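Numbering-wise, the sequence shown is residues 559 to 1259 according to the working numbering.
Backbone N, C-alpha and C fix where the C-beta goes; we use that ideal spot for every residue, glycine too.
Remember, predicted model here, so these are calculated numbers, not experimental data.
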Amino acid sequence: MSDTVAVEALDAGQAAAELERLAALIAHHDRLYHQQDRPEIDDAAFDALLRRNQAIEARFPELRRPDSPSLRVGAAPAAGFRKVAHALPMLSLANAFSPEDVTDFVTRLRRFLSLADDEPLVFVAEPKIDGLSCSLRYQDGRLVQAATRGDGAEGEDVTRNILTIADIPRRLPAAEVPGILEVRGEVYMTRPEFLEMNRQRAALGGETFANPRNAAAGAVRQLNPAITASRPLHFFGYALGEVSAPVAASHQQVRARLAGWGFRLNEPARPCADAGALLDYYREIEAARPELPYDIDGVVYKVDRYDLRERLGFVSRAPRWAIAHKFPAEQARTRLKAILVQVGRTGALTPVAELEPVNVGGVMVSRATLHNEDEIARKDVRAGDTVVVQRAGDVIPQVVRVVTALRPAGSEPYLPPEHCPECGSLAVREAGEVVRRCTGGLICPAQAMERLRHFVSRDAFDIEGLGEKIIAEFWADEMIRRPGDIFRLAARDRDRLTPLRRRPGWGDRSAQNLFEAIEARRRMPLDRVIHALGIRQIGQATARLLARNYLSCDNWRAAMAAAADREGPAWQELTGIDQIGPAVAADLLDFFAEPHNLEVLDDLAREVTIIDYEPPAPAVVSPLAGKTVVFTGTLTDMSRSEAKARAEALGAKVTGSVTGKTSFVVTGADSGSKATKARELGVTILSEADWLALAASGGHP
Ligand code: IVH
559 MSDTVAVEAL DAGQAAAELE RLAALIAHHD RLYHQQDRPE IDDAAFDALL RRNQAIEARF
619 PELRRPDSPS LRVGAAPAAG FRKVAHALPM LSLANAFSPE DVTDFVTRLR RFLSLADDEP
679 LVFVAEPKID GLSCSLRYQD GRLVQAATRG DGAEGEDVTR NILTIADIPR RLPAAEVPGI
739 LEVRGEVYMT RPEFLEMNRQ RAALGGETFA NPRNAAAGAV RQLNPAITAS RPLHFFGYAL
799 GEVSAPVAAS HQQVRARLAG WGFRLNEPAR PCADAGALLD YYREIEAARP ELPYDIDGVV
859 YKVDRYDLRE RLGFVSRAPR WAIAHKFPAE QARTRLKAIL VQVGRTGALT PVAELEPVNV
919 GGVMVSRATL HNEDEIARKD VRAGDTVVVQ RAGDVIPQVV RVVTALRPAG SEPYLPPEHC
979 PECGSLAVRE AGEVVRRCTG GLICPAQAME RLRHFVSRDA FDIEGLGEKI IAEFWADEMI
1039 RRPGDIFRLA ARDRDRLTPL RRRPGWGDRS AQNLFEAIEA RRRMPLDRVI HALGIRQIGQ
1099 ATARLLARNY LSCDNWRAAM AAAADREGPA WQELTGIDQI GPAVAADLLD FFAEPHNLEV
1159 LDDLAREVTI IDYEPPAPAV VSPLAGKTVV FTGTLTDMSR SEAKARAEAL GAKVTGSVTG
1219 KTSFVVTGAD SGSKATKARE LGVTILSEAD WLALAASGGH P
């Protein structure tokens, strides 16, 4: 039967047959998309199939099949939504797990702000809802866009779906709100509504959701807003994003404004004056947790005053002024079937527990990390054991301990592998190291594939559609062996006997999409390129430090070559970069000492334009931009951390040692050898007062 028979023209028999055909067809495309990463039809066509299925079900509700696509869980394909850049990044939160973490947090902030003992620092404590974060953008009081968090910089446009949520005001009183106003918060489902929805789905024979969080996320990411509308969703507002004019000076005021405009808020919230009050709040909420109608995974503490938040700023991707205090991890018991060994991109062998699948606090877990062989020995974990596993938030599930009373007779202690399970090379553990590594280096396909997987991952080259399975397939067919190959795929494809679009599971469109996603990444900022190389210990933050310090790829490479002596000025400069210690520097130089790595980099540079580091434009043009500053001695008015953060915000580089390249040395009380060295080298010395004046003027002396 063809799609062209109008729904209205179907009789019951035809409708039943058509529903059967659609169920199979949609399941097929869903599998291609979600499990194999190789769609054959585009999202509009997929959407049309879903709509047709729904329309027939609406006419013949009694014919709805137990395997109906409208009862399926599957999250909507990510590619189905337009990407939107967030005007202000959507950040994550640092975590606290113990009362000490909370007291440390308060002490750290007070110290950073140089607060005297009698100066107040007020926090607002709120429940941390386990849902899906969204940013709602209002223009002249009208809701014009809703976006998911995505990677924090760029999310998905889910406006049509969000408009179906009754909790969310479409209009705000235009006279009361600035022209641009972004409200951020969490989309969630209450537990009773979630349970009821699952009950109905089960009654109809459909799949059920593991927990309210997954259900809410699945509902928001439906390509068909009609499906979103049929799910019981709610929204809490907890912050503002971009605003064209300030609306409040504190979080408490923001909450009052949000409530006045008709938003629900995270309740119960409470202002707290110190760590003791925060911990009291935590204990109360923890006790009330079972009675709360929604799932929470902890509480959040936020500095109330916006001016203080401004001073505190950010570390990496989280605000310094807030922290999430998590509830203890959920635990469950299950049987450990086997201990597998995974090979990472640097050759590290990680033992992984393969488990009898078990539900741990709402999520099915079938694998858990065992960290390393010392941990296995310490806990005496063996294949066949009954173990306690736990998961907390987004972290990887862990094996906590063995229930030895249930150990089967004849089990053997774990023996670490002497050879890499992937390439057979010797696996060795160097003295003083906890990890065992595959020595196969370049010949180990597992390492190479892991490196490629890292290279295309979200925080690196971010190539959509080039997933793990496809990399493995292209590797096996020798289509990709090193990063540069990715960028030659399209050109080589033209000369192939069997082009990609003719390969099983591929089509014109999916092949074209992949090539376009790759083309879109031909220009890449230096910091991402450095991170993408997958050098040991060089994560995103360190890659940024390197880019900021060396500015261009050529300059960086020349500096790394020059630092190979591990003592001269280039080495001094490298290890003088704040937060780069000798161990990290050594890993960098080891990478550059391997000729193959240089070839890989040369090869990549031929395919990709590496964009020089561009310092973020400071709010005011500051003479500190590009300058190198060293702080020494005790500062009295501003903590060392705030001084450093402030200098960096003004575009300066803060380093730990004085060299000929240092622009200023700021000397507090009792500054010793660094001040002396600065005088010897003729570097400008500023007093703390000079520095404060400079910082206060936005960098203008
Ligand atoms: S404040 C700058 N408040 O937790 C960070 N977040 O782990 C602004 N979340 O992405 C977030 N409840 O999705 C904040 N009361 C609350 C929250 C909350 C849940 C989520 C939010 C955020 C994630 C960070």
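Non-local C-beta neighbours of L583 in its own chain, meaning closer than 8 Å and more than five positions away in sequence, comprise L607, ordered along the chain. Shown here, T1234 sits in a helix according to DSSP, grouped into three states. Taken in chain order, the whole beta strand (DSSP E) runs of length 3 or more contained in the stretch 1010 to 1059 number zero. Straight-line spacing of the CA atoms in R1204 and A1210 works out to 9 Å.
Placement of the Cβ of V858 at a distance of less than 8 Å from at least one heavy atom of the ligand IVH is found. Proximity of the beta carbon of G1134 to the ligand IVH is not indicated: no heavy atom of the ligand is located closer than 8 Å.
Boundaries of the beta strand (DSSP E) harbouring K1211: 1211 to 1213, taken from the DSSP string. Taking all protein chains in view, the Cβ of V986 is surrounded by fewer than 16 other Cβ atoms within 10 Å, so the residue is classified as exposed.
Taking a contact as a CB-CB distance under 8 Å, the pair V961 and T944 counts as one, their CB atoms being some 4 Å apart. Assigned with DSSP and collapsed to three states, A1099 falls in helix. Cα atoms of T1217 and L1239: separation of roughly 8 Å, rounded to the nearest angstrom. The criterion of a C-beta distance shorter than 9 Å is satisfied by F681 and D862. Residue state for R728 is assigned as coil, using DSSP reduced to three classes.
DSSP, reduced to helix, strand and coil, places D662 within a helical segment of the structure shown. Annotated as distal: G920 and R1067, with beta-carbon spacing of 9 Å or more. Per DSSP, reduced to three states, the secondary structure at F1150 is helical. C996 has A985 as its beta-bridge partners, per DSSP. Less than 9 Å divides the Cβ of Y696 from the Cβ of L739. Contact check for E980 and V910: beta-carbon distance about 14 Å, past the 8 Å limit, so the pair fails to qualify. If you draw a straight line from the Cα of T1192 to the Cα of A1227, it comes to about 5 Å.
If you check the CB distance, R749 and P886 do not come in under 9 Å. Distance from the Cα of F655 is smallest, within the candidate group R1080, Q811, H883, for H883.
Scanning its chain for C-beta atoms nearer than 6 Å, with the 5 sequence neighbours on each side dropped, one finds around S1110 the residues D1170, in chain order. Close CB contacts of V741 within its chain, under the 6 Å cut and outside five residues either way in sequence, are with L694, G795 (chain order). Three or more Cβ pairs closer than 8 Å define a contact, and the stretch 1056 to 1065 falls short of that threshold against the stretch 1012 to 1026. A direct Cα-to-Cα measurement between R669 and S1197 gives close to 7 Å. Secondary structure of T1190 (DSSP, three-state): strand. In the three-state DSSP reduction, K937 falls in the helix class (H, G or I). One thing to note: A1069 has its Cβ no nearer than 9 Å to the Cβ of P1083.
Looking at the backbone, the Cα of V778 and that of D688 are separated by about 14 Å.
Counting only the Cα atoms, P657 lies some 38 Å from K1232. Here the alpha carbon of F752 sits roughly 19 Å from the alpha carbon of N824. Burial check for K686: the Cβ neighbour count within 10 Å reaches 16 or more, so the residue is buried.
By the Cβ neighbour-count rule, E1246 is buried, with 16 or more other Cβ atoms within 10 Å of its own. In this structure, A683 lies away from K895, with their beta-carbon atoms at least 9 Å apart. The ligand IVH has a heavy atom closer than 8 Å to the beta-carbon of G689.
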